[in-house]
Amino acid sequence: MRFNVFGRVVAITATATGWQPFHVGDGTRRPASFVIPDFVTEDELAQYLFDLFHESASPSNGEVTRLG
Numbered sequence: 001m002r003f004n005v006f007g008r009v010v011a012i013t014a015t016a017t018g019w020q021p022f023h024v025g026d027g028t029r030r031p032a033s034f035v036i037p038d039f040v041t042e043d044e045l046a047q048y049l050f051d052l053f054h055e056s057a058s059p060s061n062g063e064v065t066r067l068g
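Residue 32 in this note's numbering sits at position 32 of the sequence shown, and the numbers go up by one each step.
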């Protein structure tokens with residue numbers, strides 16, 4: 001699943017041990033440098049990302065939304 005996190009696209013994959021986040025680029029993705037705890041549910045991911053990156057919000061990019 002992918003999220004727009006204040007203007008940056010983050011892909012998150014479910015694994016056997018929890019969540020693996022990736023930064024998405026021009027046809028590539030690289031492991032992200034943050035951790036999503038395994039107790040965060042799929043329904044809570046957008047709120048978790050908002051809480052984690054809220055300092056990156058701007059007037060033109062003030063939301064975290066799930067893409068597609």
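Here a beta-carbon is modelled for each residue, glycine too, at the ideal position from N, C-alpha and C.
C-beta contact flag for residue i and residue j at 7 Å
i: residue 69; j: residue 5; result: There is simply no residue 69 to check, as the chain begins at 1 and stops at 68 in what is shown.
i: residue 21; j: residue 36; result: yes
i: residue 2; j: residue 67; result: yes
6 Å Cβ shell around residue i - same chain, five flanking residues per side excluded
i: residue 65; result: 4
i: residue 56; result: 6
i: residue 18; result: 38
Cα-Cα separation, residue i to residue j
i: residue 28; j: residue 11; result: 11 Å
i: residue 62; j: residue 45; result: 16 Å
7 Å CB neighbourhood of residue i in its chain, flanking five on each side removed
i: residue 30; result: 22 and 23
i: residue 74; result: Nothing in the structure corresponds to residue 74, since the chain is present only between 1 and 68.
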